[in-house]
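In UniProt numbering, the protein residues as written are 1 to 164.
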């Protein structure tokens, strides 16, 4: 018995995660020169960690609001699914910096991205990446608002540490 077994049923959700990883990391690779390699790694690790923490709270006991992938058990593709958050966070921060979003536009930008995140989550539900029990994709909107605000805060903390 291995620590992280392969999925017992390799289906649409696993293929969706693999294809999404290929597409999003290709985009990240094409944009890679915008942020340093070390900052890119920090973005990926930060976003994967936040996603894991949120999922642990909401999908684990005592709430158990949804499952990730096929079963309640953690397998290798569950780990891969967390690395989907990195490219999205990178693109989120890339556009934030590129268009120099500030002030009230930061709120609008975060609202827009939270809506896009809910839409993407809805697609993941269609492919079976998430199986909701007592959860609806719309419930994720305030979670995304919070996480994306944290991501912007993380960006500014890193930027101020770099400049000091």
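All C-beta atoms, glycine included, are put in the ideal place defined by N, C-alpha and C.
Per DSSP, what are the beta-bridge partners of residue i in this structure?
i          : result
residue 66 : 132
Since residue i contacts residue j with CB under 8 angstroms, what's their CB separation in whole angstroms?
i           : j           : result
residue 149 : residue 110 : 6 angstroms
residue 41  : residue 96  : Actually they are not in contact, since the Cβ atoms of residue 41 and residue 96 sit about 18 angstroms apart, beyond 8 angstroms.
residue 130 : residue 124 : 5 angstroms
residue 27  : residue 84  : In fact, because the Cβ distance is near 12 angstroms, the residues do not count as touching under 8 angstroms.
residue 163 : residue 70  : That pair is no contact at about 46 angstroms.
residue 140 : residue 89  : 15 angstroms between Cβ atoms; not a contact.
residue 74  : residue 158 : That belief does not hold up - the Cβ atoms of residue 74 and residue 158 are roughly 30 angstroms apart, past 8 angstroms.
Of all the options the options, which has the alpha carbon lying nearest to the alpha carbon of residue i?
i           : options              : result
residue 52  : 97, 68 and 138       : 68
residue 143 : 66, 58, 129 and 164  : 58
residue 25  : 43, 158 and 134      : 43
residue 81  : 50, 154, 138 and 158 : 50
residue 91  : 54, 13, 30 and 64    : 30
residue 66  : 135, 147 and 145     : 135
In its own chain, which residues sit with a C-beta less than 8 angstroms from the C-beta of residue i, not counting the 5 before and 5 after it?
i          : result
residue 98 : 34
Could you tell me which whole beta strand (DSSP E) segments of length 3 or greater appear in the segment 43–112? 66–68
Contained alpha helix (DSSP H) runs [length at least 4] in the segment 4–38, N- to C-terminal order: 12–31
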